[in-house]
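Take a look at the structure set out below.
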Amino acid sequence: MYALKILAKQYLRFTITIFGVALCLMLMLFLLAIYYGVSDASVRYVRESDADIWVMQRHAANLLRGTSLLTNSHGSIISQVPGVKSIAPVLFFTATVDVPDNTASMHLVGYDPRTGKGGPPKIVKGDTLRNDDQIILDYAFAAKYRIKIGDKLPIRDDTLTVAGLSEGTNLFVIQFAFITLDEARKLLGFPSVLSCYQVKIEPGSDPLSVAKNIRSVSPDFAVYDRLTFLNNNIHEAETGVMPLLYVVALIGAIVLTALLSLILSVYVLEQQKDYAIMKALGAPAGFIPRIVIQQSLILAAGGMVIAILLFDLMLNAVKRFSPTISAESSVRQILIVAGGLLVISLLSSILPLLRQRRIYPLEVFR
255 MYALKILAKQ YLRFTITIFG VALCLMLMLF LLAIYYGVSD ASVRYVRESD ADIWVMQRHA
315 ANLLRGTSLL TNSHGSIISQ VPGVKSIAPV LFFTATVDVP DNTASMHLVG YDPRTGKGGP
375 PKIVKGDTLR NDDQIILDYA FAAKYRIKIG DKLPIRDDTL TVAGLSEGTN LFVIQFAFIT
435 LDEARKLLGF PSVLSCYQVK IEPGSDPLSV AKNIRSVSPD FAVYDRLTFL NNNIHEAETG
495 VMPLLYVVAL IGAIVLTALL SLILSVYVLE QQKDYAIMKA LGAPAGFIPR IVIQQSLILA
555 AGGMVIAILL FDLMLNAVKR FSPTISAESS VRQILIVAGG LLVISLLSSI LPLLRQRRIY
615 PLEVFR
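In this text, residue positions in the sequence shown follow our numbering: the first is 255, and each later residue adds one.
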């Protein structure tokens, strides 16, 4: 292929360009992996809960940023609503803990280990809570601070033993940790306070109808069915750090477009005399533009191949360096980036194509 032959003449430039393209593509793939990883991890606790209805304090809408305070008496009211089978009180609050040579923040979740409702979605190592002196940490949090099962963790005026490690509890900027409801209230200093009730309804009952009935018994309640509450948390996650990822990805795409456009323009200038000869010999109108576009596609394809080969290695290295980074890669993400790369390749050909149009056959006699 003539286009490849032209590129290969400057082997070093060709190689550097392909690796430059690959780095931009790896950045885009990484941002996509972060996006999907954080989006999933931020709401996995809610998604994997078997609660049919979530009851929180009025005006609270999600777990990620909302604040909700309810009491035991509210639970008695909810239990008497027709269609309610069971309720599970859960308490959320953020606490600073002492870790080896440092301090760290975690989002503590107090739940009743006898029912397991409100507990970690999945325990990947260790065991569930057996008593008030234990804690379950997020796996990434434990890896970051080199905490093992059986280690002691000072929290406020108490010391808890790590009983297990959970998965699906990494919120990127902070991680969930699970303790008993009694211990959570003790640490917080309010013996009858909690954040929400997870409600299971009677078989055959309509969640929307039961939610409406709960809402009607007290003006203090914000009541959400399972799907609505999940969507609230997804929306909150996507309006947090996600817009920043889009901006960085857009900057990467602009840089890649400029890089390819510049390199292709240089190739057009270097081949100016050859192109003039082609035009003087009567080359078809689309022959030279096709060469330029082929060069762009070759550089893009080469960069994509290298990016795919190196991406998993880079992702594993990043996770090893910073375990709390939630990143999930997939074939779908690769296809999205490949589609964007095709558009970028065509856009980057515009300036070189305009340049080659100003090459005239008579330039061969200059």
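Backbone N, C-alpha and C define an ideal beta-carbon position, used for all residues, glycine too.
DSSP beta-bridge partners of CYS450
MET310, VAL344
For MET360, the residue or residues it bridges with in DSSP:
ALA349
Between which two residues does the alpha helix (DSSP H) carrying LYS376 extend?
No alpha helix (DSSP H) holds LYS376; the beta strand (DSSP E) holding it covers 376-380.
By the DSSP assignment, the alpha helix (DSSP H) with THR271 in it spans what residues?
265-301
Is it true that the CB of LEU318 sits closer than 8 Å to the CB of SER296?
yes
Excluding the 5 residues flanking PRO354 on each side, which residues of the same chain have their C-beta closer than 7 Å to its C-beta?
TYR399, ARG400
Buried or exposed: SER550, going by 16 or more other Cβ atoms within 10 Å of its Cβ?
buried
Just to confirm the assignment: which complete alpha helix (DSSP H) runs, minimum length 4, are found wholly within the segment 460-502?
461-471, 480-492
Is the segment 286-301 in contact with the segment 474-494, if contact means three or more CB pairs nearer than 8 Å?
yes
Could you check where the alpha helix (DSSP H) with ASP566 kicks off and where it finishes?
541-575
Which word fits GLY443, buried or exposed, when buried means at least 16 other C-beta atoms lie within 10 angstroms of its C-beta?
exposed
Which residues does DSSP list as the beta-bridge partners of SER420?
ILE377, ASP392
Note the first and the last residue of the continuous beta strand (DSSP E) segment covering LYS440.
Where LYS440 is concerned, there is no enclosing beta strand (DSSP E), although the alpha helix (DSSP H) it sits in stretches over 435-442.
Within 8 Å, strictly: CB atoms of LEU419 and ILE377
yes
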